[in-house]
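Remarks on the structure that follows.
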């Protein structure tokens, strides 16, 4: 009887680990599927403007203002996607523990 109790407990624990691993895998697959579109839409534009500033290129006030406006618009457009991806990462980390 004691053996059966230990076996049952072990089986339940093993099933919990497998479902946890499955949840982590599904979250990671979802993140991996959604991230490339986010990176293309939201990160590529950012690096172009930053590269111009890092090279030491002198930008006019009008160009700086335009880059800042473009960044604000991109941030507003991309925030929901960024928040969703961050949430997927948080869920994945929580499921791993």
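In the numbering used here, the protein residues as written are 1 to 97. Even for Gly, the Cβ is constructed at its ideal location relative to N, Cα and C. Fair warning: this is a prediction, and the values are worked out from it, not measured in the lab.
Closest by CA to residue i, which one among the options?
| i | options | result |
| --- | --- | --- |
| residue 92 | 32, 19, 24 | 24 |
| residue 82 | 31, 58, 21 | 31 |
| residue 38 | 89, 90, 79, 87 | 79 |
| residue 41 | 59, 51, 74 | 74 |
Mark residue i as exposed unless 16 or more other C-beta atoms lie within 10 angstroms of its C-beta, in which case mark it buried.
| i | result |
| --- | --- |
| residue 43 | exposed |
| residue 101 | Outside the displayed range of the chain (1 to 97) lies residue 101, so it cannot be described from this structure. |
| residue 4 | Only weak support is given to the placement of residue 4: the predicted model assigns it a pLDDT of 46, under 50, and the value that follows is read from those uncertain coordinates. That one is exposed. |
Three-state secondary structure (DSSP) at residue i?
| i | result |
| --- | --- |
| residue 55 | coil |
| residue 96 | helix |
| residue 60 | coil |
How close, in whole Å, do the beta carbons of residue i and residue j come, if the pair is a contact with beta carbons under 8 Å?
| i | j | result |
| --- | --- | --- |
| residue 95 | residue 20 | 6 Å |
| residue 85 | residue 29 | Actually they are not in contact, since the Cβ atoms of residue 85 and residue 29 sit about 13 Å apart, beyond 8 Å. |
Closer than 7 Å to a non-hydrogen atom of the ligand FMN - does that hold for the CB of residue i?
| i | result |
| --- | --- |
| residue 20 | The ligand FMN is not part of the structure shown, which contains no ligands of any sort. |
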